[in-house]
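For reference, the structure discussed in these notes is given below.
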Amino acid sequence: MVETDNSLASEERLESSLRGSQERISFPTEDDQRNEEGEELQLQLTDNVNNEDLKGSIWTRGSPKRKQVHQRTHSRKKTLEYSECGKRFRQNRSLQYHQRTHTGEKPFQCSECGKRFCQNASLQYHRRAHTGEKPFECSECGKRFSQKASLQYHRRTHTGEKPFECSECGKRFSRNSNLQGHKITHTREKPFECSECGKRFSTNCYLRLHQRSHTGDKPFQCIECGKRFSRSCGLQRHKRTHTGEKPYECSVCGKRFSCSSNLRDHKRTHTGEKPFECSECGKRFTQSGALQQHKRTHKGRNFLIAPSPERDSS
């Protein structure tokens, strides 16, 4: 009798907990389950309910579709496949985002400048370019960023971490995009051609940067002095002439530099590495600029010892 009462009490607590949770959670209808908002909500339901028995009862009493969506959170399988390229996804929302890379659809528009984006999150990041908001701060140097990913990339300048390795030559990179661009140097493929001069490039990004040499476009402006730059990295380097910031530190002697390339050149004074070789005499140098200056000594010597034209014997 006591066991029966305990069982009934347990069932009543379960039903009461279910009713309370239904007041807090708006379950999607069968029609809503076809869209990304419904599916996203379904994936979050188990996190919103604390009672373990209640979680199981929701999914066992729910529709077969609801069970399948929930089970993906445990199996982590990618069951949704895009028919155009065969890429697979776990969530319908991710599949829809990917489809837009094929269709070119950009439904989210910035009210300030009219630029369009395929994801709402990308639009929110872009808006910070107008507001100047930079909520992510580096704990090492205090530098702030508008995107969390930018902060993560920046941290690697302090740690020296380069998690992306080229399978061909072993060279490592701090960003996957830099690795992908590097891989093309092995294939020598240059599929992107400039319509103005015919010069070809390995990536579309390099082509766009090159096209600015024809148009004179310099979209990046310094707010301190008004100087404009064709590349964002050029503007960032220039800003340090105003702030005096030197974020790149030599791990051997502690000397600091405003540019990562200057730090790279400096490190060779410790390692003795001389990667730049003169094709004329074989002499090696730590910097490309030093090699170019050295080459002029060969041109001058050749000019001085050039043979005079033959004269007539008569």
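The letter at position 110 of the sequence shown is residue 102 when you use the working numbering, and the numbering goes up by one with no holes. Glycine residues also receive a C-beta, built at the ideal position from the N, C-alpha and C atoms.
Fewer than three Cβ pairs drawn from the region 222 to 229 and the region 189 to 200 lie within less than 8 Å of each other, which leaves the two stretches out of contact. DSSP places tyrosine 117 in the helix class (H, G or I) of the three-state scheme. The C-alpha of histidine 122 is placed about 37 Å away from the C-alpha of cysteine 158. Under the criterion of beta carbons closer than 8 Å, serine 252 and lysine 238 do not qualify as touching, at roughly 11 Å. In this structure the region 153 to 167 touches the region 175 to 189; the number of beta carbon pairs closer than 8 Å is three or more.
If you compare the alpha carbons of Lys275, Gln139, Ser131, Arg256 with that of tyrosine 240, the shortest gap goes to Arg256. With at least 16 other beta carbons inside 10 angstroms of its own, cysteine 110 counts as buried. Each of Gly226, Ser138, Glu188, Leu115 was checked against the Cα of histidine 206, and the nearest Cα belongs to Glu188.
The beta carbon of histidine 230 sits closer than 8 Å to the beta carbons of Cys214, Lys219, Phe221 from its chain, once the five residues preceding and following it are set aside; these are given in chain order. Per the C-alpha coordinates, the member of Leu143, Phe137, Arg108, Ser103 positioned closest to glycine 96 is Arg108.
In this structure, DSSP gives glutamine 139 a state outside helix and strand, which the three-state scheme calls coil. Collapsing the DSSP output to three states places glutamine 279 in coil. Taking C-alpha positions only, proline 183 is separated from glycine 246 by approximately 43 Å. Per DSSP, tyrosine 89 is one residue of the alpha helix (DSSP H) stretching across 84 to 95. The secondary-structure analysis by DSSP pairs leucine 72 across a beta bridge with Phe81. For serine 271, no alpha helix (DSSP H) run applies, since DSSP gives it neither H nor E. The alpha-carbon separation between glutamine 101 and serine 114 amounts to approximately 10 Å.
The continuous alpha helix (DSSP H) containing serine 252 extends over residues 252 to 263. Put simply, the backbone Cα of glycine 274 is about 44 Å away from that of lysine 135. In the DSSP assignment, arginine 108 forms a beta bridge with Gln101. Excluding sequence positions up to five before and after glutamate 269, its CB lies within less than 6 Å of the CB of Arg276, all in the same chain and listed in chain order.
Threonine 207: member of the alpha helix (DSSP H) spanning 196 to 207, first to last residue.
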